[in-house]
Structures are given as structure tokens and as C-alpha cells.
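Chemist: So for the sequence shown, the working numbering puts the first residue at -19; every next one is plus one.
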Amino acid sequence: MIPQVIQALAGDNFTVYVYFLDGTIRLFDAKPLLEKGGVFAPLRDIDTFRKCLTVLNGTTAWDLDGTHNPYTCIDIDPCSLYEDYPAVPDPLCEAV
-19 MIPQVIQALA GDNFTVYVYF LDGTIRLFDA KPLLEKGGVF APLRDIDTFR
31 KCLTVLNGTT AWDLDGTHNP YTCIDIDPCS LYEDYPAVPD PLCEAV
């Protein structure tokens, strides 16, 4: 079964807390992708990185043009997010 992302929360230093339907939270470090440039180059701007972050089609994505069009968004494979990044406690629990 493909893991389904239900929420994405920008963290510090180009990280994203990725919330999955099964209740797990993974901490995605986007810096290695940003260093590659290409399609990821617009996300090097921290304001764009935070402002455009969303969930689209069950995964973490950046909606750069504001249309929620899956063909123009930058998205990350949900299996990679689930399998390749560490599980972490919910950062929002500390805020309460």
C-alpha cells in the first residue's frame, strides 16, 4: 500500500514535517534536492518554500503557480518520504 500524506508543515532550515494517514510523522530534509537546482531551484527561497507547501494527491508538494494543478506542482514520492526519512514526534504537541 502506498503511504498517504495528510498534512505537511514547514520546519526550520528547509525541512518538512510530513504527517501520514497511519499516524506517523517523518522529517523530510529538502536541502539535498535544493542543491541540485533544476525544477527545485525556486524552492531555495525560504518564503516560496514555506508559502507554496501543500498536500496534493496524497503527497507533499509545492504549488508554485497557485492552481493546485498536479502537472505544474513539484511533488515528492510518498514512499520515499515514508521509507527514507526518520519518524519524529509531532512538533505541534510542544506548541500546546
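Ideal Cβ positions, reconstructed from N, Cα and C, are used throughout, including at glycine.
What residues in its chain sit with their C-beta under 6 Å from that of P71, if we drop five residues either side in the sequence?
Modeler: Excluding sequence neighbours, P71 sits near Y(-3).
Chemist: Please say whether T47 and V(-15) have beta carbons closer to each other than 9 Å?
Modeler: Result no, Cβ atoms of V(-15) and T47 do not sit closer than 9 Å.
Chemist: Determine which residues share a DSSP beta bridge with F0 and list them.
Modeler: V(-15), per the DSSP bridge assignment.
Chemist: For the beta strand (DSSP E) containing A40, list its first residue and its last residue.
Modeler: Strictly speaking, residue 40 in this sequence is Thr, with Ala absent from that position. Start and end: 39 to 42.
Chemist: Helix, strand or coil: how does DSSP classify F29 here?
Modeler: DSSP places F29 in helix when its eight states are reduced to three.
Chemist: From T28 to P22, what distance separates their C-alpha atoms?
Modeler: Taking the straight line joining both Cα atoms gives about 7 Å.
Chemist: DSSP state of F8, grouped into three classes?
Modeler: Note: F8 maps to strand in three-state DSSP.
Chemist: If T52 and L44 are in contact, beta carbons under 8 Å, what's the gap, nearest whole angstrom?
Modeler: Going by Cβ atoms, the distance from T52 to L44 rounds to 7 Å, so yes, they are a contact pair.
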